[in-house]
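First residue of the sequence shown: -9, per my numbering; consecutive thereafter. Glycine is no exception: its CB is placed at the ideal position from the N, C-alpha and C atoms. Just below is one structure, and these are the notes that go with it.
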Amino acid sequence: MTPTATMAIKFAALFLLPAGLLAFTYMLASHPLPPLPKLGRRGLRRRRALEEGFYPLFDPAVRLVALVVQKLPIPDLRRSVSEKLKLAGDWKGLNANEFIALCFVSSCVSLPFAILVSSLAPNLTTHVVLGGILLGAAIPYARMTEEADLRVGHIHKHLPAAVELMSLCMGAGLDFPGSIRQIITTAPDRHAPLYDEFGRVLQELDLGRTRKQALTAFGERVPSQQVQDFVSSVVQAEEKGNPLANVLRIQAALQRAKRSSAVEEAAGKAAVKLMFPSGLLLISVLILVLAPVLIDNQLSSGGL
């Protein structure tokens, strides 16, 4: 492609982009937006998202594009996104259609920046623009994945102590819902992932669901081995009539042991991974120390 054609494409893109934004703004102003979620966890997450960061700027566009996304025949993608959003704790209160719309809006926002950057490399215009669009679409997914990892990590870290405290509360005379309520009440941050999940378990119990159903739903929202062990132990203790306080005490000890072994395993892997950079550092130090000596010897012997 000649430089003249490349510049013509860039100017056309820069001209069409404001026109597209104006058309989209007109559509946004003339088309009724779907209502925001107001109830439940999604409503709470959406209200928090609208009070922080840059998301309030994109929310109207996201809801409008979601109307188009919901008509697309992508059930598998929609199901996969729904599972990931559930793992991330209903991230920003979005459903699957709204999250896909957010990725599209993010890619549109990154397009003008990609066009400007492509002017620095005229021979790579197409690659830079496509890369910028893909990067913009990947940013929401990366943020959601990061939130899911942080959420699961917090639950793994604090679940053993919470289970042990739960067993102490039940040993002091509280029932299972009362012990969970006591843990939430004394928590330093009630909105932390673990206590948020415990609060949801209490809500489901208050709505009439059985303990097995509420805990099974907890295990589905956080599909980790640690949570599955806790859920299965409580359900089995209830079905067999075993003292739940003793079962929870044993479960807390097992989880602490697993966590300690995991920490030791991670420390061992870290030591192995540090061998190569440590070797490079040692070689660099030896070169810095021995190189002047070797150079002086060469100069004194007339080799240089």
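If you follow the alpha helix (DSSP H) that residue i is in, where does it begin and where does it stop?
i	result
leucine 125	115 to 161
asparagine 232	No alpha helix (DSSP H) contains asparagine 232, which DSSP labels as neither H nor E.
lysine 74	65 to 77
glutamate 194	183 to 196
glutamate 42	First-last for glutamate 42: undefined, no H or E at that position.
serine 290	265 to 290
serine 96	86 to 108
alanine 111	Run containing alanine 111: none; DSSP gives neither H nor E here.
glutamine 172	166 to 175
leucine 62	First-last for leucine 62: undefined, no H or E at that position.
arginine 211	201 to 211
Smallest Cα separation from residue i: which of the options?
i	options	result
proline 130	Met160, Met156, Ala91, Leu164	Ala91
valine 191	Arg141, Ala204, Arg68, Asp219	Ala204
glycine 198	Glu187, Met160, Pro167	Pro167
histidine 144	Val212, Cys159, Ser291	Val212
aspartate 80	Glu154, Val217, Glu187	Glu187
arginine 32	Ala152, Ala257, Ser72, Glu136	Ser72
proline 150	Leu57, Arg249, Ala281	Arg249
alanine 56	Arg37, Cys93, Ala257	Cys93
phenylalanine 89	Ala257, Tyr45, Leu272	Tyr45
alanine 235	Asp165, Ile273, Ala138, Ala132	Asp165
isoleucine 240	Glu137, Asp196, Ser290, Leu158	Leu158
Flag residue i as yes if its beta-carbon sits less than 8 Å from any beta-carbon of chain B, otherwise no.
i	result
leucine 101	Reference to chain B is not applicable here, since this structure consists of a single protein chain.
Under 8 Å by Cβ, that's how I've got residue i and residue j pegged, so tell me the actual separation to the nearest angstrom.
i	j	result
isoleucine 105	valine 95	About 17 Å separates the two Cβ atoms, so there is no contact after all.
isoleucine 170	methionine 160	The pair is not a contact, with the Cβ atoms about 10 Å apart (cut-off 8 Å).
glycine 189	isoleucine 174	6 Å
glycine 209	glutamine 218	5 Å
leucine 67	valine 153	Rounded, the Cβ-Cβ distance is 37 Å, inconsistent with contact.
lysine 202	glutamate 228	7 Å
serine 97	isoleucine 64	Not a contact, Cβ separation roughly 16 Å.
glutamate 194	alanine 207	7 Å
- Item | Touch test, the region 93 to 108 against the region 72 to 79, Cβ-Cβ under 8 Å, three pairs minimum | The region 93 to 108 makes no contact with the region 72 to 79; the number of CB pairs closer than 8 Å stays below 3.
- Count the C-beta pairs between the region 111 to 121 and the region 43 to 56 that are closer than 8 Å, then say yes if the count reaches three, no if not. Short answer: they don't touch.
- Task: Could you say if the region 238 to 258 and the region 212 to 223 meet the contact criterion of at least three C-beta pairs nearer than 8 Å?
- Result: These segments touch.
- Touch check for the region 143 to 162 and the region 173 to 185: three-plus C-beta pairs under 8 Å? Because the criterion of three Cβ pairs below 8 Å is met, the region 143 to 162 and the region 173 to 185 touch.
- Message: Could you check whether the region 54 to 72 touches the region 81 to 89, counting it as contact only if at least three pairs of C-beta atoms, one from each stretch, sit closer than 8 Å?
- Response: Flag = yes, the region 54 to 72 and the region 81 to 89 touch.
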